Structure formats: C-alpha cells, structure tokens
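Chemist: Residue numbers (this note's numbering): 72 to 634. Note that the Cβ used here is the ideal one computed from N, Cα and C, for glycine as well. Keep in mind it's a predicted model, so treat the numbers as computed, not measured. I have a structure here, written as structure tokens, and I will follow up with some questions on it.
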C-alpha cells in the first residue's frame with residue numbers, strides 16, 4: 072500500500088507538467104539530447120550540462136520532432152526514475168537487515184521526501200541521478216558482502232554513470248578509485264581491477280562526450296574551472312554560512328532522518344576500519360563528504376551578495392545523497408533505537424533548527440529585505456512553507472520548517488520507542504512526507520511556474536508560417552534598454568526545434584531570415600522595412616517580418632501590428 076501511495080503522489084506531481092519552466096537546466100539537457108541524437112546544436116545561452124540524462128532522452132528525437140512531446144516524455148521518464156527508487160531502496164533495506172514489509176514502507180517514505188518527490192515533475196537530471204546513486208549504494212553493499220568481481224564491476228560502472236549524469240558527484244568516483252586501490256593492496260586483484268576498470272571506462276567515456284558537447288554546443292571551458300576556482304578561492308566566512316545553511320536544510324527537510332542515517336554510516340565505517348576491511352560505508356562517507364565540499368564551495372560565492380534567503384540554505388545539490396542518508400536513518404530507527412540515541416539525535420535536531428532559524432538567518436545581510444523572488448527549485452524540501460511573508464519576517468519560513476520538521480521527527484522517535492514494531496513509525500513517515508510533497512506542489516510549485524504556460528507564444532505564430540526561416544536577435548531594446556535574456560533565447564531555440572534558428576545581434580548585422588524574434592521595439596529594423604507581426608504574452612519579444620511577399624500578404628490580411 073505504501074508503494075502505491077508513493078507512486079500515486081509522484082504521478083500526481085508529474086501529471087500537469089507540459090511546458091518547460093527552467094530554461095537553463097531543462098533546456099540544457101534537452102539541447103544535449105538533440106545534439107546526441109544527430110540533430111543540430113541549439114544556440115542556447117547556458118552553462119554546460121553533463122550528458123548522462125540526455126543519453127536517455129536522445130532517442131525521443133528519432134520518434135518525434137515535436138519538442139513539447141519530447142519534453143513531456145522526459146518528465147514521464149523523470150517520474151519513473153523517482154518511482155524506481157522504491158524497489159532499489161527496498162533491496163538496500165533488505166541487505167541492511169530490514170524485513171520485507173518495513174523495507175518497502177521505508178523506501179516509500181524516502182521516495183516521498185519533498186526534496187526528492189517534487190523533482191519528479193521536471194525534465195531535470197535530479198530524479199535519474201538519485202536513482203543511479205541509490206543503485207550505486209545498493210551495489211556497493213552487495214559487493215562488500217559478497218566480494219564478487221562481477222558485482223564490483225557493476226558497482227564501478229554505476230558509480231561512473233552517476234558522474235556522467237552530473238559531475239557534482241565526482242567524489243563518488245574518486246572514492247570508488249580509492250576502494251579499488253585498497254582491494255589491490257589487500258591482494259584482491261580481480262575485484263580491484265574490475266572496480267577500477269569499470270569505473271574508469273564509464274566515467275572516462277562519459278566525460279569525453281561531455282567535453283565534446285561542451286566545446287561544440289556551449290563553446291565554453293566547462294564548469295570545472297569555475298568550480299575549482301571557487302574551491303580554492305572561497306572566503307571562510309561565506310563557506311561557514313553556506314555550510315551551516317546546507318546542513319540545516321539537510322536536517323530539517325528530511326525531518327531529522329539524516330541524523331540517525333549519519334550515525335548508521337559512522338558505525339559502519341568504524342566497523343570496517345576495526346576489521347581493516349574497506350567497504351561500502353567508507354566509500355559512501357568519502358563520496359558524501361566530497362559532495363558536501365563541492366556543494367558548499369560552489370554556492371559560497373553567491374551567499375556574500377545574494378538577496379534571497381533560499382540561497383543560504385541551498386540544498387538541491389546535496390539531495391542525491393541526503394535522500395539515501397535519510398533512508399538509512401529510517402533503517403536504523405526501524406531496526407533498533409535506544410532511548411539514549413533518540414535523545415541525542417533529537418537534541419541535535421533542536422539545536423540545529425533553532426540555531427540557524429534564530430541566529431544565522433538574522434546574520435544574513437539582506438534577509439530582512441528578502442521576501443520575494445525566491446526560487447523554489449533550490450529548496451524543494453521547503454516548498455510546503457510560505458516564503459512570501461511581510462517585510463522583516465524573512466526568517467519565518469525557516470522557523471516554520473524547523474518546527475514542523477521537529478514535530479514529525481519527535482513523533483517518529485516516540486512511536487518507535489513506544490512500540491516494538493516499527494511499521495507504525497514508517498507509516499507516519501509516509502503520511503507526513505506525502506502531505507509535504509502534495510502541499511508543496513499545490514501551494515508553491517504550481518503557482519510559481521504556472522506563468523510559463525502562456526509565455527513564448529511567438530513560437531506558435533512562427534510555426535503557423537511553415538517553410539519560413541526564423542532567427543533570434545539578442546540585441547536589447549535601444550529605447551528602454553531591455554535586454555534579450557537567456558530565458559527567451561533558450562525558450563525559442565527549444566520550442567522551434569528541430570528547426571535551425573540562427574542567433575544574431577542586429578546591432579552588428581541585420582537578420583537574413585524571413586522572420587526574426589527580437590524586442591518589441593526595433594527602430595533599426597523598421598527603418599529597413601521590417602514590420603512586427605506579433606508580440607509575446609509575457610516577455611519583451613516581438614516577431615518581425617522582413618520586406619517581401621510574406622510581409623505584403625500579412626499586411627493585406629491586416630495582421631501586422633507595427634505603428
């Protein structure tokens with residue numbers, strides 16, 4: 072029943088998403104997929120994106136040329152990836168000592184964590200990344216328990232795939248390499264070679280594809296140089312602020328479950344080192360620590376100047392790991408939890424929630440003026456709470472999230488201590504996280520991104536004129552100074568795909584196409600005889616027609632709007 076509830080919630084979240092909302096990330100992955108499928112390179116303005124998720128989407132372009140159909144199927148695949156976490160985590164729970172029923176319920180609860188579940192409604196890599204990371208952890212446990220070279224090879228390949236899906240989990244690959252070297256040193260050459268070879272093969276080939284896309288589609292030096300610069304150039308104060316915020320987010324958004332999860336991992340690491348046997352826990356601890364370093368330093372550059380409180384608790388980058396750690400927390404609680412342990416993790420939660428909610432949030436330089444403009448995407452785990460209160464109350468969402476998370480965590484601990492059977496505790500976790508995800512979807516996610524459904528209407532107008540070439544003009548409005556912006560550029564590149572839409576700057580040269588999407592006011596174009604056919608419903612975009620037969624026909628039909 073719990074698995075059905077989780078599946079129903081994830082289907083509900085994904086059911087209504089028919090139009091892109093993240094015109095950097097979503098379009099980046101979809102642009103990758105078009106290029107991989109053999110199509111042309113879209114002229115998008117974005118950072119580079121790793122190709123693992125895009126490899127799964129590429130065949131869709133062989134089936135249909137409708138970009139919105141490709142997008143819709145991509146969302147469905149993201150939803151299925153989120154649902155597939157349930158059997159993977161169930162098997163992991165069984166390997167770690169849970170019975171069949173508790174393992175399924177715990178897996179369903181972890182899958183319903185709002186930070187995980189709400190990602191299932193977008194064509195983003197996060198749901199697939201979470202599935203691959205969970206699969207890596209499962210295979211790591213099986214490899215450590217069985218010693219099978221074949222399982223080590225599968226574990227290495229899956230870990231390499233996680234890196235190909237998103238480079239921020241590179242530490243998992245490094246940790247797998249360390250494990251492989253330790254296996255060689257401990258005279259287990261077959262297992263060590265299997266692990267090292269499979270990891271290097273998948274991660275290396277995926278990275279080569281990424282660099283190809285990076286140089287051809289994005290024409291950039293990649294995110295790595297930027298990330299390395301932030302790693303070594305971050306200010307200590309900014310790192311402390313970002314790190315404390317992300318730790319707070321991990322604790323509160325999982326209702327405290329990462330705390331017993333960390334305890335389970337720490338105990339397993341200590342056991343491995345006592346017996347001098349490298350294992351899954353050491354690998355996972357090293358990889359998770361590396362991800363924390365990447366996430367905190369990458370965001371720390373923004374916290375010094377950010378005017379949105381959600382940037383200070385930016386938790387999205389950690390969620391492929393925190394989802395699994397929260398599940399491990401449920402595993403520990405379901406197996407056994409002494410009163411002393413319950414008291415300690417409860418106290419840590421209380422201190423963390425109160426300390427950041429009352430102290431750190433007050434130290435954020437712009438917090439009291441930060442009440443609008445937050446991006447739910449960065450903190451989906453907090454989407455159930457209202458971030459649009461009156462001025463001066465910017466810390467209220469933090470306090471509300473801490474209180475609600477504390478109540479849920481306390482209820483789980485009390486139920487576990489009061490009953491021998493852990494099922495009731497797990498059922499309450501399923502109910503609480505399902506409620507949080509559904510509330511977040513309808514209270515925050517849908518209202519925040521609904522506006523894009525009616526935006527970028529010029530694509531339909533251009534498509535209604537088949538055979539006419541279209542370009543996109545990045546020149547700003549010369550009168551009002553309104554720039555093009557990456558959102559509009561990326562949106563029209565994708566919505567008109569797979570047609571080639573050249574990107575030009577009319578300040579340097581006028582378009583050579585019949586149609587051109589530029590700003591609503593274009594004096595230079597009008598001086599050359601261009602006339603405006605339509606304006607966008609939301610952004611400062613206009614569709615212009617060059618002098619010629621098409622313009623004459625549209626003019627006779629009374630469809631041109633230029634003054």
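Is it the case that the Cβ atoms of residue 315 and residue 388 are separated by a distance below 9 Å?
Modeler: no
Chemist: Kindly give me the distance between the Cβ atoms of residue 391 and residue 204, rounded to whole angstroms, as I take these residues to be in contact under 8 Å.
Modeler: Approximately 4 Å separates the beta-carbon atoms of residue 391 and residue 204; this is inside 8 Å, confirming the contact.
Chemist: With 16 as the cutoff for other CB atoms within 10 Å, does residue 438 come out buried or exposed?
Modeler: For residue 438, the pLDDT reaches just 48, beneath the cut-off of 50, and the residue's location in the model is therefore unreliable, leaving the point undetermined.
Chemist: I'd like the span of the alpha helix (DSSP H) that includes residue 639, first residue to last.
Modeler: In the structure as shown, the chain starts at 72 and stops at 634, and residue 639 therefore has no counterpart that could be examined.
Chemist: From residue 75 to residue 396, what does the alpha carbon distance come to, in whole angstroms?
Modeler: 23 Å
Chemist: Buried or exposed: residue 407, going by 16 or more other Cβ atoms within 10 Å of its Cβ?
Modeler: exposed
Chemist: DSSP has residue 615 in a bridge; who is on the other side?
Modeler: 587, 603
Chemist: Which of the three DSSP states, helix, strand or coil, is assigned to residue 542?
Modeler: strand
Chemist: Just confirm the distance between the C-beta atoms of residue 584 and residue 542, as a whole number of angstroms; I'd bet it's less than 8 Å.
Modeler: 4 Å
Chemist: Starting from the Cα of residue 534, find the closest Cα among 493, 574, 586, 551 and give me that residue.
Modeler: 586
Chemist: Since residue 401 and residue 328 should fall inside the 8 Å C-beta cutoff, what is the C-beta to C-beta distance between them, to a whole number of angstroms?
Modeler: Yes, they are in contact, since the Cβ atoms of residue 401 and residue 328 sit about 6 Å apart, within 8 Å.
Chemist: Using only alpha-carbon positions, find the residue among 592, 612, 251, 412 that is nearest to residue 484.
Modeler: 412
Chemist: At 4 residues or longer, and completely inside the segment 337-410: list those alpha helix (DSSP H) runs for me, N to C.
Modeler: Listed in chain order, they are 351-374, 380-383, 390-406.
Chemist: Near residue 289, which residues of its chain fall below 6 Å by C-beta distance, leaving aside the five closest residues on each side in sequence?
Modeler: Excluding sequence positions up to five before and after residue 289, its CB lies within less than 6 Å of the CB of 119, all in the same chain and listed in chain order.
Chemist: Please state the DSSP three-state secondary structure of residue 147.
Modeler: helix
Chemist: Could you give the C-beta distance for residue 421 and residue 477, rounded to a whole number, given that I count them as a contact under 8 Å?
Modeler: Indeed, because the Cβ distance is near 6 Å, the residues count as touching under 8 Å.
Chemist: Please look up how many angstroms separate the CB atoms of residue 245 and residue 361, rounded, as I've assumed it's under 8 Å.
Modeler: 6 Å
Chemist: Residue 516: which of 201, 101, 189, 168 sits nearest, CA to CA?
Modeler: 189
Chemist: Distance check for residue 593 and residue 442, CA to CA, integer angstroms please.
Modeler: For residue 442, the predicted structure reports a pLDDT of 48, less than 50, and the residue's modelled location is therefore unreliable. A value from the coordinates is still provided. Taking the straight line from one Cα to the other gives about 35 Å.
Chemist: Reducing DSSP to helix, strand and coil, say where residue 115 ends up.
Modeler: coil
Chemist: If you drop the 5 nearest sequence neighbours on each side, which residues of the same chain put their C-beta closer than 6 Å to that of residue 480?
Modeler: 326, 327, 420
Chemist: Do residue 312 and residue 383 have their beta-carbon atoms positioned less than 9 Å apart in this structure?
Modeler: yes
Chemist: Please classify residue 613 as buried or exposed, where buried requires at least 16 neighbouring CB atoms within 10 angstroms.
Modeler: buried
Chemist: I'd like to confirm the pairing. Which residues does DSSP put opposite residue 574 in its beta bridges?
Modeler: 543
Chemist: Which residues bound the alpha helix (DSSP H) around residue 190?
Modeler: Looking at the DSSP string, residue 190 is not in any alpha helix (DSSP H), and its letter there is neither H nor E.
Chemist: My assumption, with CB atoms under 8 Å, is that residue 146 sits in contact with residue 193. Please give the rounded CB distance.
Modeler: 6 Å
Chemist: DSSP on residue 121, reduced to helix/strand/coil?
Modeler: coil
Chemist: Using CA atoms only, rank isn't needed, just tell me which of 196, 212, 394, 78 is closest to residue 340.
Modeler: 212
Chemist: What residue range is occupied by the uninterrupted alpha helix (DSSP H) comprising residue 217?
Modeler: 197-217
Chemist: Determine, using beta carbons only, whether residue 271 and residue 236 come nearer to each other than 9 Å.
Modeler: no
Chemist: Let me confirm a value: residue 576 is counted as buried when at least 16 other C-beta atoms fall within 10 Å, else exposed. Which label applies?
Modeler: exposed
Chemist: Roughly how many angstroms lie between the CA atoms of residue 169 and residue 405, to the nearest whole one?
Modeler: 8 Å
Chemist: What residue from 105, 160, 536, 253 has the CA that sits closest to residue 202's CA?
Modeler: 160
Chemist: Unbroken alpha helix (DSSP H) runs of length 4 or more, entirely within the segment 440-525: which are they?
Modeler: 467-489, 494-511, 517-520
Chemist: Is residue 287 buried or exposed, if buried means 16 or more other CB atoms sit within 10 Å of its CB?
Modeler: exposed
Chemist: Pull up the distance between the alpha-carbon of residue 444 and that of residue 186, whole angstroms please.
Modeler: Note that residue 444 scores a pLDDT of 49, beneath 50, so its modelled location is shaky and nothing firm can be said.
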